[in-house]
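Written out below as structure tokens is the structure these notes cover.
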DNA sequence: CTGTTAGCGCGTTCAC
DNA sequence: GTGAACGCGCTAACAG
């Protein structure tokens with residue numbers, strides 16, 4: 001029983017199928033491509049039989065060479081450990097599936113060098129399109145590596161001079177309005193908790209939004225890879241307690257909220273009176289931990305789905321990229 | 001400026017490069033494959049020039065058709081939203097990269113039907129190998145769809161009658177020893193917090209391990225997709241308080257710990273005296289939230305790396321799959 | 001050191 | 001309804 005699969009030494013080709021079914025290779029091809037109407041049902045049955053008997057599986061490389069299409073779309077994200085990236089991919093996939101494409105996920109791991117490699121890889125293989133959550137800020141770098149001319153949609157982070165459609169969050173506006181909201185509640189001192197701001201356009205925008213609304217802003221930058229938890233914790237405590245103003249700790253990314261805020265809550269520093277916290281947050285984890293927190297929710301799934309819709313449209317219509325910017329708003333709730 | 005990439009109407013082929021460089025197509029092929037030693041540096045330079053001028057990019061489909069290899073390995077995981085799956089992928093990638101392969105990530109989204117589709121997709125395309133975190137329990141189902149004969153390594157969940165190498169955690173043992181550990185501390189009542197146990201072999205093993213050590217076990221099954229947070233919360237409270245025994249809440253998956261334990265801590269139900277909690281936990285998030293928790297840490301990265309090593313070994317040696325079972329132990333700490 | 005040639009497996013005109 | 005034959009872009013002998 002087990003292992004019957006392995007019986008065929010060489011993988012069968014269309015020729016083998018044709019021979020066994022006693023038809024021509026062209027007929028087999030027609031069968032495979034669903035042109036059943038131009039075929040007697042007898043031959044169709046014979047072919048079907050032969051395919052099963054031989055365990056025949058079409059060679060996609062050969063097909064791609066002819067059709068110049070793979071029905072696969074590369075999705076290159078910044079970090080698959082981020083819920084944002086994975087949820088984005090799920091959104092992408094849902095639309096892609098519905099249109100008979102398959103999403104293939106690649107992870108740049110927040111490494112610009114790796115991003116280059118992956119873009120080259122995508123360039124070198126027959127992917128029909130690319131959805132990219134970029135690390136780079138400049139479209140030029142990407143254009144230099146993507147010599148092949150396939151449709152591209154950029155998500156989440158904005159690119160300078162992008163010739164492609166972009167799908168982004170209203171980072172600046174929502175950061176600003178959120179800050180205003182807390183200002184109105186008396187939180188005049190804002191501590192921004194973030195990875196290196198200059199590393200991503202989203203962070204820059206969020207920071208700019210906060211600064212536009214707040215009067216007193218401190219920044220605490222935490223290294224993505226390595227940080228001293230205790231040290232960051234102490235700095236936060238200091239920033240909260242050394243002023244008489246009411247303090248809002250504003251995490252630019254959910255991860256930092258999850259890492260540092262719970263202990264501050266347990267220890268009573270975040271009491272929702274003298275100090276409170278908010279964050280850009282993609283999952284419901286933070287809310288479950290402390291339901292009283294008001295957080296900014298993005299919609300990565302919708303962003304992915306939107307990006308995929310744009311891409312699919314270009315794929316089927318062969319239209320040139322529109323340089324639209326699609327904004328999926330985030331909301332405080 | 002922008003768009004210089006788009007200037008070439010049809011993508012150039014090797015023939016074009018050969019013509020422009022005034023050499024034969026074979027020489028270009030040699031150049032591309034790094035056989036520079038068998039070539040005058042003059043011609044090499046000419047070819048290099050031509051390639052750049054023409055923006056030539058080799059057609060991987062054509063190459064795959066000849067070499068029957070893509071240097072790509074498909075990694076099919078159960079759920080990219082789980083840190084376990086993504087970290088596994090990172091471990092896989094690290095080894096793959098080092099051996100000049102690229103990992104390509106696919107997400108079954110915990111959907112068996114989708115798993116089938118993806119396995120067929122992998123089967124239909126030229127992936128050199130497959131690393132699978134399976135949903136299915138039986139190897140036969142997979143064998144039926146994977147007609148092509150490429151090396152496969154199974155990770156995390158065990159398969160019945162697997163003809164492939166498996167890389168797994170010592171779920172039973174560590175669940176048992178952990179339970180014993182807490183029993184010794186007086187926690188004689190164990191509440192198991194889990195998704196449907198029968199859905200995954202890992203969960204079954206963990207549950208069996210707990211039962212083997214505990215005297216009084218209650219099970220609280222939570223639906224992956226939809227659950228009433230308040231209701232689960234209340235059930236937990238009831239289970240903890242309705243007995244005089246000391247209670248250990250044992251989450252079979254980090255997510256459930258994150259979802260329900262923090263509020264129990266805040267409300268004082270989990271006081272590390274009358275009641276405490278533990279979990280299989282892959283990230284450090286839970287530890288940061290409550291450092292006093294003792295949790296079971298798996299090592300998904302190492303599991304991925306191990307799986308990839310086995311796969312690469314089979315890839316380069318063309319050895320048949322060994323039916324080994326590789327165990328990466330988890331530890332309580 | 002370099003060119004010629006024969007396929008790889010399949011889709012697609014054409015004919016019949 | 002069905003088949004023969006060409007070509008997709010490339011690699012791998014084999015010549016020279």
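Chains as they are written, first to last, in the UniProt record's numbering: chain A, 1 to 333; chain B, 1 to 333. The beta carbon of each residue, even a glycine, is placed where N, CA and C say it ideally should be.
> How about residue 221 of chain B and residue 196 of chain B: do their beta carbons lie closer than 7 Å?
Replying inline: yes
> Going by beta carbon distance, what residues of the same chain come within less than 7 Å of residue 85 of chain A, once the five residues before and after it are set aside?
Replying inline: 77, 78, 79, 133
> What residues in the region 98-115 of chain A bring their beta carbon closer than 8 Å to a beta carbon of chain B?
Replying inline: Taking 8 Å as the Cβ-Cβ cut-off, the region 98-115 of chain A approaches chain B at 102, 104, 105, 106, 107, 109, given in chain order.
> Ordered along the chain, which non-local residues of its own chain (more than five positions away) have a Cβ less than 6 Å from that of residue 16 of chain A?
Replying inline: 54
> Interface residues of chain B around residue 259 of chain A at Cβ under 7 Å?
Replying inline: 288
> Taking buried to mean at least 16 other C-beta atoms within 10 Å of its own C-beta, is residue 300 of chain A buried or exposed?
Replying inline: buried
>> Contact criterion: CB-CB distance below 7 Å. Does residue 60 of chain A meet it with respect to chain B?
In response: Residue 60 of chain A counts as touching chain B.
>> For the pair the region 102-116 of chain B and the region 89-106 of chain A, tell me if three or more CB-CB distances fall below 8 Å.
In response: Counting Cβ pairs under 8 Å, three or more are found: they touch.
> Mapping DSSP to helix, strand and coil, what is residue 189 of chain B?
Replying inline: strand
> In the structure shown, what three-state DSSP assignment does residue 70 of chain B receive?
Replying inline: In this structure, DSSP gives residue 70 of chain B a state outside helix and strand, which the three-state scheme calls coil.
>> Within 8 Å, do at least three Cβ pairs link the region 258-270 of chain B to the region 282-290 of chain A?
In response: Three or more Cβ pairs drawn from the region 282-290 of chain A and the region 258-270 of chain B lie within less than 8 Å of each other, which places the two stretches in contact.
> Per DSSP, which one or two residues make a beta bridge with residue 279 of chain B?
Replying inline: B:251
> Using a beta-carbon distance cut-off of less than 7 Å, what residues from the region 63-83 of chain B approach chain A?
Replying inline: 64, 65, 80, 81, 83
> Which value, in whole angstroms, describes the spacing of the CA atoms of residue 1 of chain B and residue 226 of chain A?
Replying inline: Per-residue confidence for residue 1 of chain B stands at a pLDDT of 33, beneath the threshold of 50, marking its modelled position as unreliable; no derived number is given.
> Which residue comes first and which comes last in the beta strand (DSSP E) that contains residue 326 of chain B?
Replying inline: 325-328
> What residues in the region 210-224 of chain B bring their beta carbon closer than 8 Å to a beta carbon of chain A?
Replying inline: Flagged: no residues at all.
> If you draw a straight line from the C-alpha of residue 308 of chain B to the C-alpha of residue 97 of chain B, how long is it?
Replying inline: Spanning the alpha carbons of residue 308 of chain B and residue 97 of chain B requires a straight line of approximately 10 Å.
> Hey, which unbroken runs of the alpha helix (DSSP H) at 4 residues or more fall wholly within the region 71-101 of chain B?
Replying inline: 83-98
> If you run the structure through DSSP and keep just helix, strand and coil, what is residue 304 of chain B?
Replying inline: helix
> Apart from the five residues just before and just after residue 21 of chain B, which ones in its own chain have a Cβ nearer than 6 Å to its Cβ?
Replying inline: Non-local C-beta neighbours of residue 21 of chain B in its own chain, meaning closer than 6 Å and more than five positions away in sequence, comprise 46, 47, 50, ordered along the chain.
>> Would residue 125 of chain B pass as an interface residue toward chain A - the criterion being a Cβ-Cβ separation below 7 Å?
In response: Any Cβ of chain A closer than 7 Å to the Cβ of residue 125 of chain B would place that residue at the interface, and such an atom is present.
> Between residue 160 of chain B and residue 137 of chain B, which are expected to be in contact by the criterion C-beta below 8 Å, what is the C-beta distance as a whole number of angstroms?
Replying inline: Rounded to the nearest angstrom, the Cβ distance from residue 160 of chain B to residue 137 of chain B is 6 Å, consistent with a contact under 8 Å.
> What do you reckon, are the CB atoms on residue 167 of chain A and residue 65 of chain A nearer than 7 Å?
Replying inline: no
>> Quick check: what's the CA-CA separation for residue 67 of chain A versus residue 165 of chain B?
In response: 37 Å
> Taking a cut of 7 Å between CB atoms, which residues from the region 32-57 of chain B lie near chain A?
Replying inline: 55, 57
>> Taking CB distances under 7 Å as the criterion, tell me whether residue 86 of chain A reaches chain B.
In response: yes
>> Against residue 121 of chain A, what residues of chain B qualify as contacts under a CB-to-CB distance less than 8 Å, listed in chain order?
In response: Chain-ordered, the chain B residues with CB closer than 8 Å to the CB of residue 121 of chain A read 102.
> Rounded C-beta distance between residue 121 of chain B and residue 102 of chain A? I'm assuming under 8 Å.
Replying inline: 6 Å
> What separation, rounded to the nearest whole angstrom, lies between the Cα atoms of residue 13 of chain B and residue 130 of chain B?
Replying inline: 31 Å
>> Any beta carbon of chain B sitting closer than 7 Å to that of residue 285 of chain A?
In response: Closer than 7 Å: yes.
> chain A partners of residue 89 of chain B, CB-CB under 8 Å?
Replying inline: 80, 107
>> Classify residue 329 of chain B: buried if its beta carbon has 16 or more other beta carbons within 10 angstroms, exposed otherwise.
In response: exposed
>> In this structure, how does DSSP classify residue 271 of chain B when only helix, strand and coil are distinguished?
In response: In the structure shown, residue 271 of chain B sits in coil (DSSP, three-state: anything other than H, G, I, E or B).
> Three-state secondary structure (DSSP) at residue 310 of chain B?
Replying inline: Residue state, collapsed to three classes: helix.
> Would you say residue 262 of chain B reaches chain A, if we count a Cβ-Cβ gap shorter than 7 Å as a contact?
Replying inline: yes
> Based on the DSSP secondary-structure assignment, which residues constitute the bridge partners of residue 165 of chain A?
Replying inline: A:153
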